[in-house]
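Counting from 0, one number per residue, gives the positions in the sequence shown under numbering that gives the first Met the number 0.
What follows is a set of notes on a single structure, which appears directly below.
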Amino acid sequence: MSLASAFLVLTLVWVAIYALNYLLRSFKTRSLLPSTTSTRHAQRNNWTESTTTVVLKGLHLRVQTTAWNLSHDILSTSLGSRQKACLRRVLMQFYDLGSVVGLMGMVITLGFLLTTGSTSAVSLARKVWMSASDPSIEPSEALNILAKRSMDPLRDIKAHRSDSFIKPIIPGVTVPFSHLPVILAAVFLAQSVHELGHVIAAAM
């Protein structure tokens, strides 16, 4: 997938979002009956009112809902009961272990980033010094030494290959644009698991 194709797909997605938002707003305006975005759920003799708010401004889309608040309250009550005391202790120990592992991973990652950044800076400074100190190198050759970015994905990927341990994943620069859907799916899945962890942690 080229840069133009990726930009076209992204543009079509936002056009579809704005079109759907316009149709929903026009439907609510034309309706003669009173309408509301609030719905009510009844469970265990407890009534709760859920609302959903959609904010669309520029390239920012935010959806806020309280539809799952009742489910969260039920989960919190269940984990707080005596029958689930063992499960609660296991989850708390798991989260404590996760905090320690996360802290260790952050320190190790920062070390790798500092090492890679310093190595890349020294390599770039050496190339700049060589191109500036050698009068036989023409400006066009100096640009080739510095690996100027191009619009060709394959050429750009080859130019940015390195032997460093950490390789950034940048569609069109270090990986082809065809990998973008897989990257977005992986990010969405990881973010979903992350938010689910917040739900369980808040319920304990």
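Virtual Cβ for every residue (Gly too), placed ideally from N, Cα, C.
Because the structure is a prediction, the values reported are computed rather than measured.
Here DSSP, grouped into helix, strand and coil, assigns residue 175 to coil. In the three-state scheme derived from DSSP, where H, G and I count as helix and E and B as strand, residue 63 is classed as strand. Spanning the alpha carbons of residue 81 and residue 60 requires a straight line of approximately 42 Å. For residue 55, the secondary structure class from DSSP, reduced to helix, strand or coil, is strand. Under the three-state reduction of DSSP, residue 167 is assigned to coil, being neither helix nor strand. Its Cα nearest to that of residue 62, the residue 53 stands out among 53, 198, 70, 176. Its chain contains no residue whose beta carbon lies nearer than 7 Å to that of residue 196 once the 5 sequence neighbours on both sides are disregarded. Non-local beta-carbon contacts of residue 202 in its own chain, meaning distances under 7 Å to residues more than five positions away in sequence, involve 71, 74, 75, 78 in chain order.
In the DSSP assignment, residue 76 falls within the alpha helix (DSSP H) that extends over 68-78.
If you draw a 10 Å sphere on the C-beta of residue 171, you find 16 or more other C-beta atoms in it, and that means buried.
A distance below 7 Å separates the beta carbons of residue 176 and residue 5.
By the CB criterion at 7 Å, residue 58 and residue 20 fall outside the cutoff. Along the length of the stretch 77-107, whole alpha helix (DSSP H) runs at least 4 residues long do not occur. Scanning its chain for C-beta atoms nearer than 7 Å, with the 5 sequence neighbours on each side dropped, one finds around residue 178 the residues 170, in chain order.
Rounded to the nearest angstrom, the gap between the Cα atoms of residue 93 and residue 106 is 20 Å. The beta carbons of residue 199 and residue 90 sit about 7 Å from each other, so the pair counts as a contact at 8 Å. When DSSP states are grouped into helix, strand and coil, residue 203 belongs to the coil group.
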